[in-house]
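Q: Sharing a structure here in structure tokens format.
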Amino acid sequence: GAGVSQSPSNKVTEKGKDVELRCDPISGHTALYWYRQRLGQGLEFLIYFQGNSAPDKSGLPSDRFSAERTGESVSTLTIQRTQQEDSAVYLCASSQDGGRETQYFGPGTRLLVL
Amino acid sequence: AQSVSQHNHHVILSEAASLELGCNYSYGGTVNLFWYVQYPGQHLQLLLKYFSGDPLVKGIKGFEAEFIKSKFSFNLRKPSVQWSDTAEYFCAVNDYKLSFGAGTTVTVRA
């Protein structure tokens with residue numbers, strides 16, 4: 002079936018504005034992850050959803066970041082009052098059952114905060 | 007917390023040369039190990055993975071990796087690279103969330 006999809010592919014915003022990034026996981030995948038990739042760096046874990054369990058938010062860098070997921074479908078990552086250091090590629094991944102299973106990545110949303 | 011280190015930041019080589027990218031991780035428990043590749047303009051793709059069994063795993067496009075538990079290493083190899091192997095390569099360890107190395111940019115000159 003289709004892979005992980007993300008929208009928008011690119012987002013330019015002004016400092017202080019809020020942004021919403023969307024992720025559609027692979028159908029049937031119970032686990033969903035958000036990562037951030039800053040220029041020239043590896044990926045940083047942000048948040049993990051597994052089924053109906055409470056999400057693991059341990060990677061969120063500040064309280065300006067939040068994410069929601071409805072059931073086992075779409076997830077939205079929201080960044081409030083964006084700062085220039087939030088500029089990065091935000092990647093979503095999903096896996097069939099979570100745990101240590103293979104994660105499949107979407108194309109990412111490239112966020113630029115001016 | 008786990009950490010993953012990749013030994014090379016940027017590797018430049020000619021076509022037909024052999025490639026080896028080093029990866030070491032810090033976690034001593036049960037982990038799954040991955041190499042992901044990101045070709046220019048494309049998204050992250052799984053190159054190969056190790057879960058258990060034979061420590062020498064083969065992936066797509068002629069890549070292989072060897073898991074050496076005693077050395078906490080999972081090095082990636084390809085005997086003869088092609089120009090199309092130009093990409094960024096990431097080693098990752100999964101203990102439910104992926105911990106990534108900083109990545110190695112590989113440039114293959116034709």
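First to last, the sequence lines map onto chains P and F. Per this note's numbering: the first sequence = residues 2 to 115. Per this note's numbering: the second sequence = residues 7 to 116. All C-beta atoms, glycine included, are put in the ideal place defined by N, C-alpha and C. These numbers were taken from a predicted model, which means no experiment stands behind them.
(1) Does DSSP put P:I27 in a helix, a strand or coil?
(2) Once the 5 residues before and after F:E72 are set aside, which same chain residues still bring their CB inside 7 Å of it?
(3) For a cutoff of 8 Å on Cβ pairs, would you count P:F50 as touching chain F?
(4) Over what stretch of residues does the beta strand (DSSP E) that includes F:H16 continue unbroken?
(5) Could you please give me the residues that DSSP links to P:S59 through a beta bridge?
(6) In whole angstroms, give me the CA-to-CA distance for F:G59 and F:I74.
(7) Just to confirm my understanding: we take P:V75, look at its own chain, exclude 5 residues before and 5 after, and list those with CB closer than 6 Å. What are they?
(8) Which runs of the beta strand (DSSP E) at least 3 residues long sit entirely within the stretch 72 to 105 of chain F? Give them in chain order.
(9) Note down, in chain order, each residue of its chain lying with its Cβ closer than 7 Å to the Cβ of F:A23, except the 5 sequence neighbours on either side.
(10) Please classify F:K67 as buried or exposed, where buried requires at least 16 neighbouring CB atoms within 10 angstroms.
A: The answer reads as follows:
(1) coil
(2) P61, L62 and N81
(3) no
(4) H16 to S20
(5) Answer is none; P:S59 lacks a bridge partner.
(6) Looking at the two C-alpha atoms, the distance is approximately 12 Å.
(7) Around P:V75: D25.
(8) Listed in chain order, the beta strand (DSSP E) runs fully inside the stretch 72 to 105 of chain F are 79 to 84 and 93 to 100, counting runs of at least 3 residues.
(9) So the list reads V87, once near-sequence residues are dropped.
(10) exposed
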